[in-house]
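Just so we're aligned, residue -11 is where the sequence shown starts under this note's numbering, counting upward by one. Have a look at the structure below before the remarks.
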Amino acid sequence: MAARPSLKGLLAVSGSPAMPFTLNVLSSSNTANFFTRISTAADGAQGNGDSYYSSFNSDGRYVVFTSEASNLVANDTNGKQDIFRKDLLTGQIVRVSTATDSTQADSGSYAPQITTDGRYVFFESFAGNLTVGDSLDNNDIFRKDLLTGELVCVSTAQGGAAGNASSESAHITPDGRYIVFSSDSSNLVAGDTNNREDIFCKDLLTGAVTLVSANLQGQQGSNPSHDSHISANGRYVIFSSASNNLVENDTNGSSDIFRKDLVTNEIVRVSTTVSGAQTAGSGYESSISADGRYVVFTSWSDALVAGDTNGSVDVFRKDLATGEVLRVSTSVNGTQGVEDSVGGVVSADGRYVVFTSLSYNLVAGDTNGNADVFRKDLLTGELLRLTDQPDGTQGNQNSGFAEISLDGRFIAFASGASNLVSGDSNGKTDIFVLDANLLPYRQAIAEKRFIDLKLGVGAASSVSVAWGDGAVDTVSPAGGSASFRHSYASTGSKAAMVTVKEGAQTWVVPHTITLSTGQAARNTALMDTLSGSAGIDTLTGDAFGNVLIGNGSNDMLLGGLGDDKLWGGAGKDVLTGGNGKDIFVFDARPNKRTNLDKVTDYDVRNDSIYLDNAVFTKLGKNGTLDAPSRVDRKFFAFDKAKDRNDYIVFNKKNGKVYYDQDGSGGKAMVEIATLKKNLKMTASEFFVI
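Printed below as a string of structure tokens:
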């Protein structure tokens, strides 16, 4: 349940002019948007057609997908499946698969890819009206510039000649410079005479096109090659091929996975055992890590790893540095799946693999009878089913076509399930995104022990939350806000402390977190603390109780409306309590030249002065900050010390408060502070701490 912002506080800090110190609760919740449905219009309207085949930019902000819906953007009247880009930060959605002049495609478009910055989107289409001169009835690959609107065909030869047959299966490097694809075209490179579907890599900076599906000597594959992917660094390309001449001793008569090094031209067969032995089962649906070391693929083979006896299709990961082969589609304890697993996609670092499986024995409680999406952590062995709610509610329809962002944080998939998000009533397959950072909190979310907190913090450089259970989280804000997530061991109300830092100043503000409602709010019954730097500061309190600490140098402290404590510290400070019952604290050795404060608005009816007995030693050892002790009335005198224990003196004529260490005036009194003249001060104004 989302909470209203509970505070819009502005406290002034730093030098002159004062700068605003901001802290307000932008949102808080005891749940989280575990799934976000992205195949919706900007206003949240559900798509009226199926959506599938998604892809992320590197940080997960932008998602591109294919959809048959006609109501995601205005004026979608072509009756064809189109490509869309959704901005998960703003909710904006744009149709990508249009010509430079916005002409709608006259045929379907699919298989989108997006660059890191979200600017360029690549897709495939049979449309013949997207670019000038596209008169052949072929499938082509296009690149759309969403900044300028320009659309170009990229499945062309280096000089720009259109391919003379269809091209498909496009994948790009994150920066969009290199694109790999398969094509039946024979005119993309010179000497293409095998009359087979081949794999090509195009450098969109230079226009150069390289034939990939060839052996080390440059001989083309003897059979079709397809399903190509390229590593993020642009060096390695993987693909599937039944060719038997790409590597030596390929005699299994099956389709295999290969990796081509575009720097050295070395080609290796991936879909082999740890010892390099070939197997009889085909390999397909591959994915590659950013550096090209890890390759994930699907295979029928039962000989890639020991103990593969399930007779089902499985997902595997090959480490090309060590040769190690891991079967991914098993439970956390190694139990084999009883049904097929497909569509493995690996994270950039090779640690995580997401895949789709019909197996019901990979995790406990899988009783929905549907295909689900899973994530395997190959470092820990953990396997999670992603297509269920934190409380265990299972998706009520099939899910699949999973993709993972480069950093592994976001996972997108298509699903016909209507119970993953509220209000899903369109009866269509939709695209959903899951924030994997929420996965560790699933149980806490279900048990209402979780808080998702977003704070508005202005120009703060650092924000920390001490949750009250011993845990402290610190983040660097972005865009004026800071986000936190935390799970507690138990339910109930929790006392948390938020610390906002801006340069050398800090503001520490108590908050109450109510887990039952998911609300977080400033606890105005407790005082917050605003601390200055070693330099000159202007610190201003707000309508609540503030502790203002000037620290070094000559500061100006303004308490504001609440009951405040003003702590000038060293330096010649100007202290103004404002309204309320204010306390002025003196804990530094007074000095007329370097440490003499001025209190501008002392009110004898409401205000008090605290004196630290570590400095003002003659006032006795009793008293602490939490339990101050009232100064003995015999220690107080007007104008000057008259006997041996008149340690505190107030001069009505000049408004000065003095400390007389010998109590008799035998030695010079030391000024503590200057107040207003003619105040009716008594000993009851002073306390020892």
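Note that CB positions come from ideal geometry on N, CA and C, so glycine has one too.
When only Cα atoms are considered, G548 and Q493 end up about 18 angstroms apart.
Annotation for T19: I433 place their beta carbon closer than 6 angstroms to its own, counting only its chain and skipping 5 residues before and after. Pairing V460 with S471 gives a Cβ-Cβ distance that is not under 9 angstroms. Our two residues, D191 and V142, have alpha carbons roughly 10 angstroms apart in a direct line.
Under the DSSP assignment, I433 falls in the alpha helix (DSSP H) whose first and last residues are 430 to 434. By the Cβ rule, the segment 433 to 445 does not count as touching the segment 397 to 406, because fewer than three pairs are nearer than 8 angstroms.
Under the three-state reduction of DSSP, N425 is assigned to helix. The beta carbons of L292 and T261 sit closer together than 9 angstroms. Here the alpha carbon of V619 sits roughly 13 angstroms from the alpha carbon of M669. S154 carries a coil assignment under DSSP once its states are collapsed to helix, strand and coil.
Distances from the alpha-carbon of T505 to those of N232, E435, L545, Q431 put E435 closest.
According to the DSSP assignment, L554 belongs to the beta strand (DSSP E) that extends over 553 to 555. A straight line joining the alpha-carbon of G383 with that of S210 spans about 44 angstroms. Around the CB of V120, fewer than 16 other CB atoms lie within 10 Å, so the residue is classed as exposed. Shown here, E673 sits in a helix according to DSSP, grouped into three states. One alpha carbon belongs to D279, the other to N126, and they sit about 33 angstroms apart. DSSP places F188 within a strand segment (E or B) once states are collapsed to three. Judged by DSSP in its simplified three-state form, R510 adopts strand. Taking C-beta separations shorter than 6 angstroms and ignoring five residues to either side along the sequence, the partners of G456 in its chain run K482, A483, A484, following chain order. Following the DSSP letters along the chain, one finds F574 inside the beta strand (DSSP E) bounded by residues 571 to 574. The residue from R184, I501, T103 with its alpha-carbon nearest to that of R73 is T103. In this structure, the beta-carbon distance from D585 to A661 falls below 9 angstroms.
Within the DSSP secondary-structure output, T502 pairs in a beta bridge with S481, Q507. Straight-line spacing of the CA atoms in V603 and K641 works out to 26 angstroms. Contact check for K553 against M515 passes: the beta carbons are separated by less than 9 angstroms. Going by DSSP, R373 is part of the beta strand (DSSP E) stretching over 371 to 373. In the three-state scheme derived from DSSP, where H, G and I count as helix and E and B as strand, F114 is classed as coil.
A straight line joining the alpha-carbon of D128 with that of R247 spans about 24 angstroms. Boundaries of the beta strand (DSSP E) harbouring D360: 360 to 365, taken from the DSSP string. Within its own chain, the residues whose Cβ lies closer than 7 angstroms to the Cβ of G557, once the five positions on either side in sequence are excluded, are I537, G538, N539, G540, A576, listed in chain order. Beta-bridge pairing by DSSP links A202 to Q208. Short of 6 angstroms from the beta carbon of D290, and not among the five residues preceding or following it, lie these beta carbons of its own chain, in chain order: D296. The alpha-carbon separation between A522 and V573 amounts to approximately 18 angstroms. Residue environment: E254 is assigned as exposed (fewer than 16 neighbouring CB atoms within 10 Å of its CB, all protein chains considered). When Cβ pairs closer than 8 angstroms are counted between the two stretches, the segment 106 to 121 is seen to touch the segment 32 to 52, the count reaching three or more. The residue among V535, K609, V645 with its C-alpha nearest the C-alpha of A625 is V645.
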